[in-house]
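Here the structure comes first, spelled out in structure tokens, and everything after it is commentary.
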DNA sequence: TTGTATGCGTTATCAT
DNA sequence: ATGATAACGCATACAA
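Structure below.
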């Protein structure tokens, strides 16, 4: 293993292509071909080179290769914030399926920002504009944008997931939040509920907006209006789902006429709400029906098991990754601007008929 | 913005240092200096160059830079498997704090694997040996190792976190699992419990082994022996924590003499166990006391709120990152082989005095 | 202080 | 089918 002498600094390097070439007794360019286009080299020399490479434990330098060919194999994932979405696990689940698709095609996953502060934003843009990255999957309603640079202008293929960014011309893979919530709320109405508490996510957040629209749709379906719903929350981010639920329970406590059903934008809120409301001797679902959203893994082990809406997270992740990969291998192909995969209501014991007055 | 003509393929490139140099009317090397060592260039030219760079929206090519200086700013994280550790969120929490420390120092976080299959292992090793990566943080008891290559031999600084790999000479940041579990079990003994069900993690897993040792320590402290504990589980990975809890509840059902306290290696197991056992009309803590481990965010909203052990995850992540960064900036510095940050027992309503017989 | 020239490790073009 | 050589974009030793 020849050491390269002029290494400016840092850890010592491993064997180079030149070392393999020397050992195999061929030119560097032949080694390059043998490794990349095995078909365009004599089988005998190919074997010889492969043996040499193996013996030396040669691993190609990815950066040199990327620099030369003008593209890398790194896919950047831009997250909306923390991975710690309480119990919901939506983001980790999404990452899981994305990663699987990427890695099987030889790509590498770079997590760009778990926080959403300025230093992280700048970081994202440097990566995007700095040539290190081949494409981007974004899970956020806002594109990183700072100092006149926007992620959209980095010349990289972008796909969005979970958030509908199609209006910004970014191909998006989403679920039918609105319709799913409409159906779920419909179930409550069918059970006789006429008065609701809606526990909201962050004000203006895409999911909160869509899901609340679904609630209103259902109200209209049932001949009701927004008058029938009281909103709570809207001040904190999804990362603080439990806290939102706690505050909603306090709000509920203040209400003079109590709703008979509670609809949370997300499971964490519902879970914390139930916990607090039960401490005040409210029974679920006898006194109060409650539904969440996301079908957090823990939701079926709650007391009572939480009715919720299951998103096809893995399918969305896989499709988003698939779309990006196809676009990368065929720049002429246009990713569908919007793909919608359906969610499903999962009925559990947290809802029941409205209490007879 | 001059287009570079010979781009082999792919997305069009942005402005280069040469473009900035041309616009500013200086040599490329001067631009390089102005951007990297602002001190070693005339202030006037520096301003001129900065203006030109800004106007063109210049972002340095990270790969070219890395190739030239022989080191990258990418830190690779090797995970034990899925991010979806049920509700515990330990891994995501760790990632969060690591990322924060890294990004503030100009480093980038690369998630090497979300699964732990062969293709991922190979991927990890290619990254490590391929020069793309500067250092590694591993959260796993097993070093990627395949085809004669081991992550340990990549010539990269490695730090471990959550898992004690100090016996393999890898600097590790861990918590005192054993002692923490000893204290928690001691609490149960102090409450009068003499007969236990231990819900085990994966057989041979570092955390399971350590924590169980702590249980045994406590038994001895109290003049008891392993005879006083029945083990359940040990067949599934932590990713299936809920499933382990379900099966433990079934095991419990079969026992002729019932333990009065249950100790789970991890919260998910405890949560699922409680859910199932309550369905069979067991009351917690009146009939049965239960503790978990990790203090999952959701644990305080369980019914009843779950007693558990809180690990200083963020502190561990920060320290691991800090150690790695210090090592990178000072190769002569030796990272402490083992750092132990203490966990703390959090007492909640899931435990109580043993029922009078 | 600034410019010139060389090389990082690889791929691709062009001869042979 | 293979080899010599020039680039990819940047940083640095050295010369001016």
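Chains as they are written, first to last, in the numbering used here: chain L, -10 to 346; chain B, -10 to 346.
Backbone N, C-alpha and C fix where the C-beta goes; we use that ideal spot for every residue, glycine too.
| query | result |
| --- | --- |
| Limits of the alpha helix (DSSP H) - the one that residue 347(B) falls within | There is simply no residue 347(B) to check, as chain B begins at -10 and stops at 346 in what is shown. |
| Residues of its chain near residue 182(B), where Cβ-Cβ distance is below 6 Å and the 5 sequence neighbours each way are ignored | 249, 250, 343 |
| Per-residue DSSP class, three states only, for residue 184(B) | coil |
| CB contact flag (residue 35(B), residue 25(B), <9 Å) | no |
| Endpoints, the beta strand (DSSP E) within which residue 17(B) is located | Where residue 17(B) is concerned, there is no enclosing beta strand (DSSP E), although the alpha helix (DSSP H) it sits in stretches over 17 to 25. |
| Delimiting residues of the beta strand (DSSP E) encompassing residue 102(L) | 97 to 102 |
| Span separating the alpha-carbon of residue 333(L) from that of residue 32(L) | 55 Å |
| 9 Å Cβ cutoff, residue 152(L) in contact with chain B | no |
| Which listed residue (151(L), 39(L), 66(L), 91(L)) has its alpha carbon closest to that of residue 318(L) | 91(L) |
| CB contact flag (residue 285(L), residue 256(L), <9 Å) | yes |
| Straight-line gap, residue 335(B) to residue 152(B) (C-alpha atoms, nearest Å) | 22 Å |
| Stretch pair the stretch 296 to 308 of chain L + the stretch 275 to 292 of chain B: three plus CB contacts closer than 8 Å | no |
| Contact the stretch 266 to 278 of chain B vs the stretch 87 to 106 of chain B: 3+ CB pairs below 8 Å | no |
| Any beta strand (DSSP E) of 3 or more consecutive residues that is wholly inside the stretch 214 to 288 of chain L | 218 to 222, 250 to 253, 278 to 280 |
| Under 9 Å between C-beta atoms of residue 73(B) and residue 82(L) | yes |
| Counterpart residues of residue 328(B) in DSSP-defined beta bridges | 162(B) |
| Nearest neighbour of residue 5(B), chosen from 217(B), 314(B), 46(B), 37(B) [CA to CA] | 46(B) |
| Local conformation of residue 299(L) per DSSP, three classes | strand |
| Spatial neighbours of residue 199(L) in its chain, beta-carbon cut-off 6 Å, leaving aside the 5 residues before and after | 166, 167 |
| Beta-carbon proximity check, residue 241(L) vs residue 258(L), cutoff 9 Å | no |
| Candidates 295(L), 190(L), 210(L), 44(L): closest to residue 225(L) by CA position | 190(L) |
| Beta strand (DSSP E) segment containing residue 149(B), residue limits | 147 to 150 |
| Where the alpha helix (DSSP H) containing residue 203(L) begins and where it ends | 195 to 210 |
| Buried or exposed (CB count within 10 angstroms, at least 16 for buried), residue 102(B) | buried |
| Same chain, Cβ closer than 8 Å to residue 294(B), neighbours up to 5 away in sequence not counted | 288, 337, 338, 339 |
| For residue 123(B) and residue 30(L), the rounded distance between their alpha carbons | 34 Å |
| Outcome for residue 177(L) when other beta-carbon atoms lying within 10 angstroms are tallied against a minimum of 16 | buried |
| Bounding residues of the alpha helix (DSSP H) (the contiguous stretch that carries residue 118(B)) | 107 to 118 |
| Contact list for the stretch 103 to 118 of chain B against chain L, Cβ threshold 8 Å | 103, 104, 108, 109, 112, 114, 115, 116, 118 |
| Residue environment, residue 107(B), which counts as buried when at least 16 other CB atoms sit within 10 Å | exposed |
| Counted within 10 angstroms of its Cβ, other Cβ atoms place residue 3(L) as buried (16 or more) or exposed | buried |
| Chain-ordered neighbours of residue 41(B) on chain L, where CB pairs are closer than 7 Å | Under the 7 Å cutoff, chain L gives no residues; its nearest Cβ is about 15 Å from residue 41(B). |
| Backbone secondary structure at residue 333(L) - three-state DSSP | strand |
| Chain B contacts made by the stretch 279 to 310 of chain L, where a contact means CB separation under 7 Å | 286, 287, 290, 292 |
| Under 7 Å by beta carbon: chain B residues contacting residue 231(L) | 286, 290 |
| Simplified DSSP state of residue 311(B), which is helix, strand or coil | helix |
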